[in-house]
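Residues in the sequence shown are numbered consecutively from 1, following full-length UniProt numbering.
To keep things clear, I will list the structure first and then write my remarks on it.
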Amino acid sequence: MTIASSALSRMLAVLPVALHAEATQRFAEQSPLLLQRLTQLYGSRADFAEWFANLMESVGLLHAARSVALRAQDTERANSSDWFLTQTMLGYSAYVDRFSGTLRGVTQRIPHLQELGVTYLHLLPFLRARAIENDGGFAVASYDDVEPRLGTVRDLEELTAQLRKAGISLCSDFILNHVADDHAWAQGAAGGDARLRDYFYLFEDRIIPDQFEQTLVQIFPQAAPGNFTWSVAMQAWVWTTFYPYQWDLNYTNPEVLGEMVSALLGLANRGIEVFRLDSTAFLWKREGTNGMNQPEAHWILQILRCITEIAAPGVLLKAEAIVPMQELPAYFGADEGLGRECHLAYHSSLMAAGWAAVAEQRTDLLCEVIKATPVLPGPASWLTYVRCHDDIGWNVLRPELASIGDDSNRLATVSRFFAGTDPDSFSGGTAFQTSPGLSVHGTNGMSSSLVGYDRARTEIDVEFAQRRLILLYGLALAFGGLPLLYMGDEMAFRNDVSEASLAARNIDSRWLQRPHWDNVSYEQRHSADLTTGKVFSAFRRMIHQRQRQNILAADVPRQIIATGNLAVLALKRGEQFIALSNFSEHAATLDLLSFNTGPAVRWFDCLSETVVPNMLELPPWGTMWLERQ
Ligand code: OTU
Numbered sequence: 001m002t003i004a005s006s007a008l009s010r011m012l013a014v015l016p017v018a019l020h021a022e023a024t025q026r027f028a029e030q031s032p033l034l035l036q037r038l039t040q041l042y043g044s045r046a047d048f049a050e051w052f053a054n055l056m057e058s059v060g061l062l063h064a065a066r067s068v069a070l071r072a073q074d075t076e077r078a079n080s081s082d083w084f085l086t087q088t089m090l091g092y093s094a095y096v097d098r099f100s101g102t103l104r105g106v107t108q109r110i111p112h113l114q115e116l117g118v119t120y121l122h123l124l125p126f127l128r129a130r131a132i133e134n135d136g137g138f139a140v141a142s143y144d145d146v147e148p149r150l151g152t153v154r155d156l157e158e159l160t161a162q163l164r165k166a167g168i169s170l171c172s173d174f175i176l177n178h179v180a181d182d183h184a185w186a187q188g189a190a191g192g193d194a195r196l197r198d199y200f201y202l203f204e205d206r207i208i209p210d211q212f213e214q215t216l217v218q219i220f221p222q223a224a225p226g227n228f229t230w231s232v233a234m235q236a237w238v239w240t241t242f243y244p245y246q247w248d249l250n251y252t253n254p255e256v257l258g259e260m261v262s263a264l265l266g267l268a269n270r271g272i273e274v275f276r277l278d279s280t281a282f283l284w285k286r287e288g289t290n291g292m293n294q295p296e297a298h299w300i301l302q303i304l305r306c307i308t309e310i311a312a313p314g315v316l317l318k319a320e321a322i323v324p325m326q327e328l329p330a331y332f333g334a335d336e337g338l339g340r341e342c343h344l345a346y347h348s349s350l351m352a353a354g355w356a357a358v359a360e361q362r363t364d365l366l367c368e369v370i371k372a373t374p375v376l377p378g379p380a381s382w383l384t385y386v387r388c389h390d391d392i393g394w395n396v397l398r399p400e401l402a403s404i405g406d407d408s409n410r411l412a413t414v415s416r417f418f419a420g421t422d423p424d425s426f427s428g429g430t431a432f433q434t435s436p437g438l439s440v441h442g443t444n445g446m447s448s449s450l451v452g453y454d455r456a457r458t459e460i461d462v463e464f465a466q467r468r469l470i471l472l473y474g475l476a477l478a479f480g481g482l483p484l485l486y487m488g489d490e491m492a493f494r495n496d497v498s499e500a501s502l503a504a505r506n507i508d509s510r511w512l513q514r515p516h517w518d519n520v521s522y523e524q525r526h527s528a529d530l531t532t533g534k535v536f537s538a539f540r541r542m543i544h545q546r547q548r549q550n551i552l553a554a555d556v557p558r559q560i561i562a563t564g565n566l567a568v569l570a571l572k573r574g575e576q577f578i579a580l581s582n583f584s585e586h587a588a589t590l591d592l593l594s595f596n597t598g599p600a601v602r603w604f605d606c607l608s609e610t611v612v613p614n615m616l617e618l619p620p621w622g623t624m625w626l627e628r629q
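So, in structure tokens, the structure goes:
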């Protein structure tokens, strides 16, 4: 028997006979790439064949444990694999405690999500986290338990069922680069268990760490400098890319991969439909590199994809790789043919370039990012967004800045603009982790504070702040991808400057953009004369217009039209639709006939619901969505 066929028979042995034919077919489709990648990573081990058969047996057990409802969903999605590309897909992201207290509380917010048209809910980490400090849950202490403050595993299962009924897919973080230092694996290792010590990267002295440090990047240069932490319990330097209490997992050990496969499929069986694969860029270490985007990191993701295609094909994988855009096609499996790695990836360059355009009142960098954005073959989509729980990282933009021949100090100027210290700026953010060596790193702040609500003095200031918010969200919604709203942006929630969050902010200023749900604002969402009401209705209008235009689906081509005005972006979708965005405090006059979009017809702005003249005036910071009539 070959390695593949003996693994297949081990898998089938634990599956009910009714699933054999389908499982055999899926295995036949996936096993060539799966086995190729596993062999590349672990094939030199004497026990490889046996290890692989064990792996497939555990995959079979988890497949067998999948509910009838989830299996039916798997089949349905396998038959329409582009289901997540439609213009009716809309994401929303929130911390459970801040959004609704507990997982049960989330069900009470379903009406709000439905009022917006949300079909995809990303709840930030809710698994049992490290006691006390835990990076907002990104230090996981157990993949099998829910954080007790937030509820139980039963609550999670009930929530996913309720969301599914409401047409909303639950997305969960899957933090696979590291675990908390109080995870059982780490504690066992600290207790001297040799098998578990091999789950981590440990060094008895600084020789190897120092060699690596020469080329590694620093994620939190101020709060957590360096990539290694001395552990007294381990009597070793532990690899800790992020905080010292987040221990990187050693994927050269096949057991680690096996554990993560079981954790992922176990969570999928609880009804999680999308996994946000956290920090994917860092999964494999190689000396002499920055430790990111290594081929082996991609192989690990491809293995996870092959396995979900076998045991839970309705599940989507989303790459969280905050890296320069040219690195991103690989996360979709660009070199492997269609559908071989992640379904979704964050478009952080588009996000950062949108903000840069607001600061600079010019769109050359943004246009360059859009032009250089690769077309995604097959069922794959960008995740477009304006803000998230992390900082806006500026350095991802360096390649596009260089290709427009400008690698000067622009990013540093942009970063200063949002740092809340520039008297000429309308923006109320803060700089994140700026270190002397790196003149620019990231920016923190809620969208509304960054676009100018906090510093607004006059009615015009307030009006302009709203227009900037709509400008940026308009781009995320019209670009062609899966847009993700960050909790509170739809009601203009501001920075969390509360006394209660001060301690957290002092350690990590990303807590500035993690405010609590504000019920007073929520109650005001239909008040047309209040900021909350104005913003909420503008969001709803855009979302509604997007839903009716199938030209705004993720897989429809996009193109930039030259406007002759550095501040104005004209993004054309299909032949029928142009999104105009004026990144300037001055009105812009545009001649639509000069756009050469074919026979002149009428253009209708579907946001203001008016026919526009060919000689058109786009107001300061204005957005128009022109539909050919
Ligand atoms: C991710 O982020 C999470 O989104 C952060 O909230 C976590 O702190 C971090 O992982 C550790 O789990 O490296 O590839 O610059 O963009 O830390 C993405 C800040 C990451 C984040 C970065 C990040």
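C-beta: ideal position from N, C-alpha, C; glycine also.
A quick note: this is a predicted structure, and the numbers were derived from the prediction, not measured.
Just grab the DSSP bridge partners of ALA319 for me.
Stepping through the sequence shown from its first residue, residue 319 is reached at position 319. Per DSSP, LEU277 and ALA345.
Tell me whether GLU320 counts as near the ligand OTU, meaning its Cβ is closer than 7 Å to at least one heavy atom of that ligand.
Working through the sequence shown from its first residue, we reach residue 320 at position 320. Annotation for GLU320 indicates a beta carbon within 7 Å of some heavy atom of the ligand OTU.
Using only CA atoms, which one of LEU103, ILE3, SER584 and ARG71 lies nearest to ALA359?
Position 359 of the sequence shown, counted from the start, is the residue given in the question as residue 359. For ALA359, the closest C-alpha among the options LEU103, ILE3, SER584 and ARG71 is that of SER584.
Those runs of the alpha helix (DSSP H) which lie wholly inside the segment 84 to 138 and span at least 4 residues:
Those alpha helix (DSSP H) runs which fall completely within the segment 84 to 138 and span 4+ residues are 96 to 100, 103 to 108 and 110 to 116.
Return the bridge partner residues of SER142 from the DSSP annotation.
Numbered from its first residue, the sequence shown carries residue 142 at position 142. Here SER142 is bridged, per DSSP, to ARG128.
What's the gap between the Cα of LEU8 and the Cα of LEU33?
Your numbering for residue 8 matches position 8 in the sequence shown. Your numbering for residue 33 matches position 33 in the sequence shown. Going by C-alpha positions, LEU8 is about 15 Å away from LEU33.
Is any heavy atom of the ligand OTU found at a distance shorter than 7 Å from the C-beta of GLN246?
Within the sequence shown, residue 246 is the residue found at index 246, counting from 1. Yes, Cβ of GLN246 sits closer than 7 Å to a heavy atom of the ligand OTU.
Would you tell me roughly how many angstroms separate the C-alpha atoms of LEU257 and LEU121, rounded to the nearest one?
Within the sequence shown, numbered from 1, the residue matching residue 257 stands at position 257. Within the sequence shown, numbered from 1, the residue matching residue 121 stands at position 121. Taking the straight line from one Cα to the other gives about 27 Å.
Can you tell me where the alpha helix (DSSP H) with THR24 in it begins and where it stops?
Reading the sequence shown from its first residue, position 24 is the one you call residue 24. Start and end: 20 to 42.
Using a Cβ-Cβ cut-off of 8 Å (strictly less than) and excluding sequence neighbours within five positions of ARG410, which residues of its own chain qualify?
As a working note, residue 410 is residue 410 in the sequence shown. Excluding sequence neighbours, ARG410 sits near ALA356, GLU360, LEU365 and LEU401.
Report whether the distance from the Cβ of GLY91 to the nearest heavy atom of the ligand OTU is below 7 Å.
Position 91 of the sequence shown holds residue 91. Taking non-hydrogen atoms of the ligand OTU into account, the C-beta of GLY91 is found less than 7 Å away from none of them.
Looking only at DSSP bridge pairs, what is SER537 linked to?
Counting from 1 along the sequence shown, the entry for residue 537 is found at position 537. SER537 is not bridged to any residue.
Alpha carbon to alpha carbon, what distance is there between SER81 and ALA21?
Residue 21 sits at position 21 when you count from the first residue of the sequence shown. Residue 81 sits at position 81 when you count from the first residue of the sequence shown. Their Cα atoms are separated by approximately 20 Å.
Tell me whether the segment 609 to 626 and the segment 564 to 581 touch, counting them as touching only if at least three CB pairs, one residue from each stretch, are closer than 8 Å.
Touching, per the Cβ criterion.
Contact belief for MET491 with ARG525 at Cβ below 8 Å, rounded distance in angstroms:
Sequence index remark: in the sequence shown, residue 491 carries index 491 (1-based). Sequence index remark: in the sequence shown, residue 525 carries index 525 (1-based). Indeed, because the Cβ distance is near 6 Å, the residues count as touching under 8 Å.
Meets three-Cβ-pair contact criterion under 8 Å: the segment 455 to 473 and the segment 551 to 565:
Taking 8 Å as the limit for Cβ pairs, the verdict is that the segment 551 to 565 does not touch the segment 455 to 473.
Runs of 3 residues minimum, wholly inside the segment 469 to 557: which ones carry the beta strand (DSSP E) assignment?
DSSP runs (the beta strand (DSSP E)) wholly in the segment 469 to 557: 482 to 486.
Within a Cβ cutoff of 6 Å, which residues of the same chain sit near PRO374, ignoring the five residues on either side of it in sequence?
One-based indexing of the sequence shown puts residue 374 at position 374. Apart from sequence neighbours up to five positions away, the residues of its chain that approach PRO374 with a beta-carbon distance below 6 Å are PRO329, ordered along the chain.
Would you say GLY151 and THR102 are within 8 Å of each other, going by their C-beta atoms?
Sequence index remark: in the sequence shown, residue 151 carries index 151 (1-based). Sequence index remark: in the sequence shown, residue 102 carries index 102 (1-based). The Cβ-Cβ distance between GLY151 and THR102 falls below 8 Å.
Would you give the residue range spanned by the beta strand (DSSP E) that LYS572 belongs to?
On the sequence shown, position 572 is the one that residue 572 refers to. Its beta strand (DSSP E) spans residues 568 to 573.
Opposing strand residues paired with SER231 [DSSP bridges]
In the sequence shown, residue 231 corresponds to position 231, counting from 1. Note: SER231 is bridge-paired with ALA236 in the DSSP secondary-structure output.
From LYS318 to PHE479, what does the alpha carbon distance come to, in whole angstroms?
In the sequence shown, residue 318 corresponds to position 318, counting from 1. In the sequence shown, residue 479 corresponds to position 479, counting from 1. One C-alpha to the other measures close to 18 Å.
Expected contact under 8 Å - CB spacing of LEU450 and GLY91 to nearest Å:
Within the sequence shown, residue 450 is the residue found at index 450, counting from 1. Within the sequence shown, residue 91 is the residue found at index 91, counting from 1. The distance from the Cβ of LEU450 to that of GLY91 is about 20 Å, inconsistent with a contact at the 8 Å cut-off.
Is there at least one non-hydrogen atom of the ligand OTU closer than 7 Å to the beta-carbon of ASP145?
Stepping through the sequence shown from its first residue, residue 145 is reached at position 145. No heavy atom of the ligand OTU is found nearer than 7 Å to the CB of ASP145.
Tell me where the alpha helix (DSSP H) around TRP185 begins and ends.
Translated into positions along the sequence shown, residue 185 becomes position 185. Taken as a continuous stretch (DSSP letters only), the alpha helix (DSSP H) holding TRP185 covers 184 to 190.
Can you tell me whether DSSP reads TRP382 as helix, strand or coil?
As a first step, residue 382 must be located in the sequence shown, where it is residue number 382. Three-state DSSP puts TRP382 in a strand.
Please indicate yes or no: does the CB of GLY533 lie closer than 7 Å to some heavy atom of the ligand OTU?
Your numbering for residue 533 matches position 533 in the sequence shown. With a cut-off of 7 Å, the C-beta of GLY533 is classified as distant from the ligand OTU, since no heavy atom of the ligand falls inside that distance.
Using three-state DSSP, classify ALA180 as helix, strand or coil.
The residue you call residue 180 lines up with position 180 of the sequence shown. ALA180: strand per DSSP, three-state reduction.
C-alpha distance - PRO221 paired with ARG130, whole-angstrom precision
Against the sequence shown, residue 221 aligns to sequence position 221. Against the sequence shown, residue 130 aligns to sequence position 130. Taking the straight line from one Cα to the other gives about 22 Å.
Assuming residue 648 contacts GLU50 (C-beta within less than 8 Å), just tell me the rounded distance between them.
The structure shown does not extend to residue 648, since the chain is modelled only from 1 to 629, so the question has no answer here.
In terms of residues, what are the limits of the beta strand (DSSP E) holding VAL440?
Within the sequence shown, numbered from 1, the residue matching residue 440 stands at position 440. Element bounds for VAL440: n/a, residue is neither H nor E.
CYS171, enclosing beta strand (DSSP E) - first and last residue:
For the purposes of this step, residue 171 is taken as residue 171 along the sequence shown, with counting starting at 1. Residues 169 to 175.
Simplified DSSP state of ALA72, which is helix, strand or coil:
Your numbering for residue 72 matches position 72 in the sequence shown. Note: ALA72 maps to helix in three-state DSSP.
Take GLU147 as the anchor and find which of ARG128, ASN134 and VAL153 has the nearest alpha-carbon.
If you number the sequence shown from 1, residue 147 lands on position 147. The option with the nearest alpha carbon to GLU147 is ARG128.
Would you report the Cα separation of ALA268 and GLY105, rounded to the nearest angstrom?
On the sequence shown, residue 268 is found 268 positions in, with the first residue counted as 1. On the sequence shown, residue 105 is found 105 positions in, with the first residue counted as 1. Our two residues, ALA268 and GLY105, have alpha carbons roughly 21 Å apart in a direct line.
So, with DSSP's three-state summary, where would you put ASP461?
Numbered from its first residue, the sequence shown carries residue 461 at position 461. DSSP places ASP461 in helix when its eight states are reduced to three.
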